[in-house]
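A.B. asks: Would you mind keeping the following structure in view while I ask a few things?
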Amino acid sequence: MNDATAPIAGAEAIAFTVNGRPITVAAAPAKRLAAALRDDLGLTGTKVGCDAGDCGACTVLIDGAQFCSCLVPLGRIAGSEVTTVEGLEFGPLQAAFHRHGAAQCGICAPGLLIAATDLLRHTPAPTEQEVADALGGVLCRCTGYRKIVDAVLDVGGDDGGKVPSSGAAVGARTVKVDGIAKLTGEARFGADAVPTGALWLKAVRAPYPARFTVGELGPLRAAHPGLVRVLAAADLPCNAFGIYPELRDQPVLADGLARYRGEAVLALVGDRDSLALVDAGSVPVSYEPIQAVHGLDAAMAKDAPRVQADKPGNLLVEGGVVSGDADRAWADCAALAEGVFETSAVEHAYIEPEAGWARRTGDRIEIHVSTQTPYMDRDETAHVLGLAPDQVRIVPTTCGGGFGGKLDLLVQPLIARAAWLEGRPVAWVLDRPESMAASTKRHAARITARIGADDEGRLRAASVDAVFDTGAYASWGPTVAGRVPIHGCGPYRLANVRARGRAYFTNTAPAGAFRGFGVPQTAIAHEALIDDLAASLNIDRLEIRSRNALRPGDRTATGQVLGDSVGLAACLEALLPDWHAALAEAEAFNAADPRSRRGVGIGCMWYGIGNTAPSNPSTMRLALSRDGTLTLYNGAVDIGQGSSTVLAQVVADTLGVPVDRVRMVVGDTDRTDDAGKTSASRQTFISGRAAQLAGEDLTQRILRLVNAGADASLDLDGPSLTVTDGGARHRIDLTALPEDADGAVLAGAGRFDPPTTPLDADGQGTPYATYAFAAQMAVVDVDLALGMTRPVYIHAAHDVGRAINPTLTEGQIHGGIAQGLGLALMEEYLPGRTENLHDYLIPTFCDMPGITVTLIEQAEPLGPFGAKGVGEPALIPTAPAILGAIRHATGVRVTRVPALPHRLRAAIRDMERANG
Amino acid sequence: MVGYARPTKLSEALAALDRATATVIAGGTDVYPAHVGRAVPGDLLDISAVAELRGIADRGDHWRVGALATWTDLSRAPLPALFDGLKCAASAIGGIQIQNAGTLCGNLCNASPAADGIPAMMSLDGRVELSSVGGIETLPVGQFVTGNRRTARRPNQLMTAILIPKPAAPRAYGAFTKLGARASLVISIVMVAAVIEVSLAGVVVAARVAVGACSPLACRLPALEAALVGEPLTSALGGIAQDSHLGPLAPIDDARASAAYRRDAALTVIRRTLESLAANP
Chain A
1 MNDATAPIAG AEAIAFTVNG RPITVAAAPA KRLAAALRDD LGLTGTKVGC
51 DAGDCGACTV LIDGAQFCSC LVPLGRIAGS EVTTVEGLEF GPLQAAFHRH
101 GAAQCGICAP GLLIAATDLL RHTPAPTEQE VADALGGVLC RCTGYRKIVD
151 AVLDVGGDDG GKVPSSGAAV GARTVKVDGI AKLTGEARFG ADAVPTGALW
201 LKAVRAPYPA RFTVGELGPL RAAHPGLVRV LAAADLPCNA FGIYPELRDQ
251 PVLADGLARY RGEAVLALVG DRDSLALVDA GSVPVSYEPI QAVHGLDAAM
301 AKDAPRVQAD KPGNLLVEGG VVSGDADRAW ADCAALAEGV FETSAVEHAY
351 IEPEAGWARR TGDRIEIHVS TQTPYMDRDE TAHVLGLAPD QVRIVPTTCG
401 GGFGGKLDLL VQPLIARAAW LEGRPVAWVL DRPESMAAST KRHAARITAR
451 IGADDEGRLR AASVDAVFDT GAYASWGPTV AGRVPIHGCG PYRLANVRAR
501 GRAYFTNTAP AGAFRGFGVP QTAIAHEALI DDLAASLNID RLEIRSRNAL
551 RPGDRTATGQ VLGDSVGLAA CLEALLPDWH AALAEAEAFN AADPRSRRGV
601 GIGCMWYGIG NTAPSNPSTM RLALSRDGTL TLYNGAVDIG QGSSTVLAQV
651 VADTLGVPVD RVRMVVGDTD RTDDAGKTSA SRQTFISGRA AQLAGEDLTQ
701 RILRLVNAGA DASLDLDGPS LTVTDGGARH RIDLTALPED ADGAVLAGAG
751 RFDPPTTPLD ADGQGTPYAT YAFAAQMAVV DVDLALGMTR PVYIHAAHDV
801 GRAINPTLTE GQIHGGIAQG LGLALMEEYL PGRTENLHDY LIPTFCDMPG
851 ITVTLIEQAE PLGPFGAKGV GEPALIPTAP AILGAIRHAT GVRVTRVPAL
901 PHRLRAAIRD MERANG
Chain B
917 MVGYARPTKL SEALAALDRA TATVIAGGTD VYPAHVGRAV PGDLLDISAV
967 AELRGIADRG DHWRVGALAT WTDLSRAPLP ALFDGLKCAA SAIGGIQIQN
1017 AGTLCGNLCN ASPAADGIPA MMSLDGRVEL SSVGGIETLP VGQFVTGNRR
1067 TARRPNQLMT AILIPKPAAP RAYGAFTKLG ARASLVISIV MVAAVIEVSL
1117 AGVVVAARVA VGACSPLACR LPALEAALVG EPLTSALGGI AQDSHLGPLA
1167 PIDDARASAA YRRDAALTVI RRTLESLAAN P
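Read top to bottom, the protein sequences are chains A and B.
When you line the first sequence up against this note's numbering, it's residues 1 to 916, in that order.
When you line the second sequence up against this note's numbering, it's residues 917 to 1197, in that order.
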């Protein structure tokens, strides 16, 4: 950095160069460079994920070296040269990222591109290790890092991203339709496009579960004239929201009782600078700690205090599945395995904290927000504000990661209420500790399970009792308790099943939706027990799974007869050669290295696609305008997983036009139809099918126009549409057709609601129209003396029905593996102790093993071109496979995750002692 | 001083500190993270432009690491094998962004029990140089750090350098091992820094072993150090370390690990660190 700088005192004009352009910023010199770039210079391509140097999202080049701009005082860069993502030319590096699908949500892409630019300047042809070292300061929660490494190693490589020809989009590795904006800094995330002049909001949050009273606010307002309003519980027309209309148990602002640390009690509204000066300690709220309920044992205790007064026994909900007679079947089993397994609360740790802004437009409110569920946001916000749903418009911003955590309201109702009252835009961007304290978590769980088999290893009976810590409010607790019993015994043929799921309230942050809705926790239990049975019956662990794998035509525990798309056996078969090779290699390794032990493990899973039992339709509209623009009105928000691209591919092949002809309007509740939530791995299957139906509808309308047969092909060339029907060619002049209100001359619509039935009291019925299946094997090395586990290799075989876009499918699987690895080995959310990204650990570049993905395509007739879903299935088998590998390496059956070094070491010591 | 000052001369920096209390900022990797979501309160003295504080220099009987020497500077500096442990620590702290910004001296001044630089400097027998308008004072690192985030630095003093004496023995080697629950970007559960000085005959003539994150402040293990003296430099050095040498450790339970694990792992890590020294020529 430049040395020849005079001392600077107070706020001053600071001159430096940004992206080759000399500029001067008048701001406080102690201001963080990241904030100055974003707020003063409008360079919002630089992202703020933690404001603490932990995530690297804000990485910029200063005089050619990479720095976290959140740690650099603006005053220091006087005379320096700063390069942000906006200053990078779109070149071979960006092209490689685009080609490899290396940006999913894209929030970390700017930091990664800067770090990679730094690397490539010094090391034009880096090794994989050099890439990991150079980019390793940036955290990514979506990709599992593999596609990023692949991209950097392939800079200047062959551009395979050409547009496939008409009719060949499905199955092609097409580039993401929204990919380029994520690589240039142009994509606008929740915090990026706040209107100038907006008011800001800041929440006051309870430091612990407490009764509280708010004192006289006059002095606070006098001290901060920029504070224009303080919202309290009474300021909300209906201070209650929830996921289920009958379970709106969560206040937007706590009303005298904060049930968890981090619950919002007041919302301060004012100009941004004024709010920044409000010290939380100066807000007159006095807290009286309550007798808090922490953990499942406390919640289930006989005389436990009630977290919610009207919920006796702290029980939120109970669900179950009973088939056959497990109690009688035990007696027939040659081997029984049982165990109790515990998992921890897990933080979503999307790199983009919750953010959004709202403005009032007459008697309507418009909310720009990072979300997974615009239509539910609309309806719930309307409920809180006492408005009709059509008075609320949700405009989703680019979403910087969700994983289930952006399925609950957080910023929406407060910014909406404040903007409604003030008549000015109101913005709110959470900081990292606040996001972690306030947002939902994966349910901590305790699973008690038992499985029995005959002497050939065929499963005869299983029982599962899963209890979940659902936190202070219901959120998605009922969804978890309902989904778990259905999946609780694994993807196996079982005639006798008794499965139960219960969720209990505690005084901690609400547990909500997190990739898998409780199934990942349960899979840890059933897969450990299958390994137990394999051991006691002396059957190979993969073989016993093959013998029991659900196959087409099998009946599930809910009595559903499966169709043809049941690819678990094929997944296991795909792993088989690698499995035997890895077992042999582990044996050789262990003979040579006394310090660490290598182990191989395997995990299987199944996962119902879409909501459990109730209707969950998607509606898609497709319109052709006079100039030949084809627009998909798509209410399914793409949270980085690539649904927009997949839907474009489906539409393109349905119409027989090139995929780059499909334009899109995404998520805006004023301009699209309800396509449900981006959750439950449902968008490819359900919205994809709706898009296909919309495409077919539009095609029919076009063909009818010229009386062409169903086999006719379309050729769209600007305002001219040619229909070729056998030897006949019909030309349609789109400019001659009448326009509808939306400017469309031809339009099609499609709606798909997967056929399901409600479950009866014994959990019998058809809860899902289709299921995804997968098997993953893991190879790990365990350092015995330190209890440290290093995953070496994972082979993931997934039955996805049809991979509409193999690159994106692989990306989902890589990312799921990373999160499953975190669940198994390092992630544990502890309120007040891990509310940042250095105490809460998520996998880094250097934690990821080599990954092989095998895609099995057992076509699902209901899905678009045979496709099912993959988002959640990707992570479910990973932890079981890793834990199985640890056990193979050490002999220790891990019963509590994460298997932190100290826990694993203690278990190894206990085992060594027991073995003398 | 008002708000923020960035002097270019050491005398100006010392004068500013003498006039008023200020938070000293070098790399910013500890100051800003302590104030997420708000401005850093009080006055900031940014020393990054003080040229006198730069550089890593050989001063004849010692090396001088200036207050602005970053982890990256240390990794790249042409230093003898004595510094291998410090270099290992430097390349394991955060990502490159953090290594480019954070300084060794800042790491010591922040005085976290998990600071990787503190055991590394204890093993190097480093002394900190504290300057004020009143003069210069030097202190051994072990006396400078007085507790969890507490140091002997007075508000008007600036740490201007760390001084590392040249060993008397003909050969000297350093090693460092860091243990964390993930592969990188991780706060240490245990870290061990070791330096041995070796005679031409290959016998250990002096040893310094320091352990971090196992006590409120990192500490050396004098009994182990004494036991190492007189031993030949082979991988058998690791076996010298015994549980009885760990008296000074007082680990605690926290979210990262249990106290029992820390104690157990410390011995393993000490042994491995000593073993690794035998790889030196």
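By construction, the Cβ of each residue, glycine as well, lies at the ideal position given by its N, Cα and C atoms.
Remember, it's a predicted structure, so these values are computed and weren't measured experimentally.
Does the CB of Met826 of chain A have a neighbour CB from chain B at under 8 Å?
C.D. replies: For Met826 of chain A, the answer is yes, since a Cβ of chain B falls inside 8 Å of its Cβ.
A.B. asks: Mind checking whether Glu739 of chain A and Arg833 of chain A have CB atoms under 8 Å apart?
C.D. replies: The answer is no: Cβ separation not under 8 Å.
A.B. asks: Assuming Ser274 of chain A and Gly226 of chain A form a contact by the criterion Cβ under 8 Å, report the distance between their Cβ atoms to the nearest whole angstrom.
C.D. replies: Right, the Cβ-Cβ distance comes to about 3 Å (below 8 Å), so this counts as a contact.
A.B. asks: For Leu862 of chain A, go through chain B and note every residue whose CB falls closer than 7 Å to its CB, in chain order.
C.D. replies: Simply none; closest approach about 41 Å.
A.B. asks: When we look at the beta-carbon of Thr174 of chain A and count the other beta-carbons within 10 Å, is it buried (16 or more) or exposed?
C.D. replies: Thr174 of chain A comes out buried.
A.B. asks: Which runs of the alpha helix (DSSP H), 4 residues or longer, sit entirely within the stretch 1082-1145 of chain B?
C.D. replies: The qualifying runs are 1138-1144.
A.B. asks: Is the separation between the beta-carbon of Ile486 of chain A and that of Thr398 of chain A shorter than 8 Å?
C.D. replies: No, the pair does not count as a contact, with Cβ atoms beyond the cut-off.
A.B. asks: Could you tell me which whole beta strand (DSSP E) segments of length 3 or greater appear in the stretch 784-851 of chain A?
C.D. replies: Within the stretch 784-851 of chain A, the complete beta strand (DSSP E) runs of at least 3 residues are 788-799.
A.B. asks: Measure the C-alpha to C-alpha separation of Pro758 of chain A and Thr558 of chain A and round it to an integer number of angstroms.
C.D. replies: Near 11 Å, if we compare the C-alpha coordinates of Thr558 of chain A and Pro758 of chain A.
A.B. asks: Given Thr1067 of chain B, which residues of its chain have a CB within under 8 Å of its CB, disregarding the five upstream and five downstream residues?
C.D. replies: Hits under 8 Å: Leu1024, Cys1025, Ala1027, Phe1060 and Val1061.
A.B. asks: May I ask you to report which of helix, strand or coil DSSP gives Arg1043 of chain B?
C.D. replies: Strand.
A.B. asks: Does the stretch 101-111 of chain A come close enough to the stretch 398-407 of chain A to have 3 or more Cβ pairs within less than 8 Å?
C.D. replies: Verdict: yes, contact present.
A.B. asks: May I have a chain-ordered list of the beta strand (DSSP E) segments no shorter than 3 residues that lie completely inside the stretch 343-409 of chain A?
C.D. replies: With a minimum length of 3 residues, the continuous beta strand (DSSP E) runs that stay inside the stretch 343-409 of chain A are 355-361, 364-369 and 392-396.
A.B. asks: In the structure shown, what three-state DSSP assignment does Trp428 of chain A receive?
C.D. replies: Strand at Trp428 of chain A.
A.B. asks: Between Gly610 of chain A and Lys176 of chain A, is the Cβ-Cβ spacing less than 8 Å?
C.D. replies: Result no, Cβ atoms of Gly610 of chain A and Lys176 of chain A do not sit closer than 8 Å.
A.B. asks: Quick one: Cα of Pro73 of chain A to Cα of Ala15 of chain A, how far?
C.D. replies: Using only the alpha carbons, I get a separation of about 13 Å.
A.B. asks: Give me, in chain order, the residues of the same chain whose beta-carbon lies closer than 8 Å to that of Met917 of chain B; leave out the 5 immediate sequence neighbours on both sides.
C.D. replies: Unreliable positioning characterises Met917 of chain B in this predicted model, as indicated by a pLDDT of 47, which lies under 50. The coordinate reading is nonetheless provided below. Ala932, Arg935, Ala936, Ala938, Asp959 and Leu961.
A.B. asks: Determine the contact status of Gln819 of chain A and Arg483 of chain A, defining contact as a CB-CB distance below 8 Å.
C.D. replies: Contact: no.
A.B. asks: What residues in the stretch 1086-1107 of chain B have a beta carbon less than 8 Å from any beta carbon of chain A?
C.D. replies: So the list reads Leu1095, Ala1097, Arg1098, Ala1099, Ser1100, Leu1101, Val1102, Ile1103 and Ile1105, given in the order they occur along the chain.
A.B. asks: Would you call the stretch 135-144 of chain A and the stretch 803-820 of chain A in contact, with 3 or more CB pairs under 8 Å?
C.D. replies: The stretch 135-144 of chain A vs the stretch 803-820 of chain A: in contact.
A.B. asks: Going along the chain, which unbroken runs of the beta strand (DSSP E) with 3 or more residues stay wholly within the stretch 1044-1081 of chain B?
C.D. replies: Runs of the beta strand (DSSP E) inside the stretch 1044-1081 of chain B: 1051-1056, 1061-1063 and 1074-1081.
A.B. asks: Taking 8 Å as the CB-CB cut-off, is Thr84 of chain A touching chain B?
C.D. replies: No, no contact with chain B.
A.B. asks: Is there at least one Cβ from chain A nearer than 8 Å to Pro1029 of chain B's Cβ?
C.D. replies: False, the Cβ-Cβ gap to chain A never drops below 8 Å.
A.B. asks: Run the CB neighbour count on Asn1064 of chain B, radius 10 Å, all protein chains shown included, and call it buried at 16 or more, exposed below.
C.D. replies: Exposed.
A.B. asks: Quick check on Gly386 of chain A: buried or exposed, where buried means 16 or more other Cβ atoms within 10 Å of its Cβ?
C.D. replies: Looking at its Cβ environment, which holds fewer than 16 other Cβ atoms inside 10 Å, Gly386 of chain A is exposed.
A.B. asks: Counting only Cβ-Cβ distances shorter than 7 Å, please list the residues of the stretch 1131-1152 of chain B near chain A, keeping chain order.
C.D. replies: Residues: none.
A.B. asks: Out of A:Pro29, A:Ala301 and A:Gly553, which one is the CA nearest neighbour of Thr770 of chain A?
C.D. replies: Checking every option, the nearest Cα to that of Thr770 of chain A belongs to A:Gly553.
A.B. asks: Which whole-angstrom value describes the C-beta separation of His100 of chain A and Asp154 of chain A, a residue pair presumed to lie in contact below a C-beta threshold of 8 Å?
C.D. replies: His100 of chain A to Asp154 of chain A, Cβ: 7 Å. Contact.
A.B. asks: Using only alpha-carbon positions, find the residue among B:Asp1159, B:Ile1186, B:Ala1099 and B:Met1107 that is nearest to Ala1123 of chain B.
C.D. replies: Comparing Cα positions, the closest option is B:Ile1186.
A.B. asks: Using the beta-carbon of each residue, which ones in chain A are nearer than 9 Å to Leu1190 of chain B?
C.D. replies: Simply none; closest approach about 14 Å.
A.B. asks: Cβ closer than 8 Å: which chain B residues qualify as neighbours of Val72 of chain A?
C.D. replies: Under the 8 Å cutoff, chain B gives Gly944 and Ala1017.
A.B. asks: If you measure beta-carbon to beta-carbon, which residues of the stretch 190-211 of chain A are closer than 7 Å to chain B?
C.D. replies: Answer in chain order: no residues at all.
A.B. asks: Given that Gly136 of chain A touches chain B, what residues does it touch there, using C-beta distances under 8 Å?
C.D. replies: Gly1011, Ile1012, Ser1100 and Leu1101, listed in chain order.
A.B. asks: Under 8 Å between beta-carbons, which chain B residues line up against Gly56 of chain A? List them in chain order, please.
C.D. replies: Those within 8 Å of Gly56 of chain A in chain B are Gly1011 and Gln1013.
A.B. asks: Using the Cα positions of Pro880 of chain A and Met436 of chain A, report the straight-line distance between them to the nearest angstrom.
C.D. replies: Cα to Cα, Pro880 of chain A sits roughly 26 Å from Met436 of chain A.
A.B. asks: Specify, as a first and last residue, the run of the alpha helix (DSSP H) that Asn548 of chain A falls within.
C.D. replies: Residues Arg541 to Asn548.
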